[in-house]
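Trainee: One structure, pasted below without further comment.
Numbering (the working numbering), first residue to last: 37 to 255.
Printed below as a string of structure tokens:
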């Protein structure tokens with residue numbers, strides 16, 4: 037699949053023909069995180085900075101990259117594909133999303149990924165509704181209404197994304213499930229090298245959530 041013809045990313049092809057991260061994880065299991073860790077390692081090594089990410093940090097961040105991006109919010113913002121990560125890393129290495137000053141960590145990469153995400157949503161949306169900058173034909177009233185409606189949906193989704201509780205689980209229960217899932221995958225990833233001491237903050241947070249949920253259920 038040619039993802040960047042003439043160095044221009046074909047987001048529509050990525051979405052329509054790429055491998056969704058959820059399917060990638062289902063097919064590869066724990067190896068999915070190892071593959072993304074290798075991709076991340078190659079990306080980080082392309083920068084000459086004083087403080088780069090350690091292999092442990094890269095492995096941990098691979099869980100975040102997959103788990104946080106494998107579900108789409110709207111039809112205009114479909115879930116990420118494995119090809120998305122490959123294209124993002126290639127483009128980010130050129131400095132198009134910014135250049136790290138003296139260090140590289142997950143927060144710096146998240147900033148770059150946010151710019152990629154904005155570009156992805158915009159270009160995919162434009163392609164879907166055939167609204168191109170170079171298009172000279174007049175936009176119909178229906179197309180204008182579709183644009184306004186879609187932007188309103190995106191705005192409302194982003195506004196309520198973090199504060200809408202699940203119908204089945206409370207916010208604390210959702211967070212507990214997410215942390216336990218990530219921690220279990222870390223155990224599988226590290227195997228006998230898994231060290232609880234390096235994940236003490238996460239484990240403390242899990243125990244705190246359990247107690248809070250138990251107290252809420254009693255009340």
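Just so you know, even glycine gets a beta-carbon here, dropped at the ideal spot from N, CA and C.
By how many angstroms is the C-alpha of residue 119 removed from the C-alpha of residue 50?
Mentor: When rounded, the distance between both Cα atoms is 6 Å.
Trainee: For a test of the three-state rule: what should DSSP assign to residue 107, helix, strand or coil?
Mentor: In this structure, residue 107 counts as coil in the three-state DSSP scheme.
Trainee: Would you tell me roughly how many angstroms separate the C-alpha atoms of residue 127 and residue 82, rounded to the nearest one?
Mentor: Rounded to whole angstroms, residue 127 to residue 82 spans 12 Å at the Cα level.
Trainee: Just checking, does the segment 66–86 make contact with the segment 175–182 on the three C-beta pairs under 8 Å criterion?
Mentor: Contact between the segment 66–86 and the segment 175–182 is absent, because fewer than three Cβ pairs lie under 8 Å.
Trainee: Compare the C-beta of residue 176 against all C-beta atoms of chain C and say whether one is closer than 7 Å.
Mentor: Of the protein chains in this structure there is only one, and it is not chain C.
Trainee: Would you mind working out which of 133, 45, 238, 221 sits nearest residue 211, comparing C-alpha positions?
Mentor: Selected option, being the one with the closest Cα: 238.
Trainee: Roughly how many angstroms separate the alpha carbons of residue 133 and residue 152, rounded to a whole number?
Mentor: C-alpha separation (whole angstroms): 7 Å.
Trainee: What number of angstroms, rounded off, separates the C-alpha of residue 208 from the C-alpha of residue 219?
Mentor: Roughly 16 Å separates the two Cα atoms.
Trainee: To which residues does DSSP link residue 136 through a beta bridge?
Mentor: In DSSP, residue 136 forms no bridge with anything.
Trainee: Just tell me which of 116, 63, 95, 213 has its CA closest to the CA of residue 78.
Mentor: Nearest C-alpha to residue 78: 95.
Trainee: Rounded to the nearest angstrom, what separates residue 140 and residue 254 at their Cα positions?
Mentor: Rounded to the nearest angstrom, the two C-alpha atoms are 45 Å apart.
Trainee: Quickly, what does DSSP pair residue 117 with across the bridge? List them, please.
Mentor: For residue 117, which the question treats as bridged, DSSP gives the partners 56.
Trainee: Roughly how many whole angstroms lie between the Cα atoms of residue 247 and residue 123?
Mentor: Their Cα atoms are separated by approximately 42 Å.
Trainee: Which same chain residues, not among the five before or five after residue 216, have their C-beta less than 7 Å away from its C-beta?
Mentor: Same-chain partners within the cutoff: 242.
Trainee: I'd like to know whether the C-beta atoms of residue 97 and residue 57 end up nearer to each other than 7 Å.
Mentor: The answer is no: Cβ separation not under 7 Å.
Trainee: State yes or no: is the C-beta of residue 46 within less than 7 Å of the C-beta of residue 85?
Mentor: Cβ atoms of residue 46 and residue 85: not closer than 7 Å.
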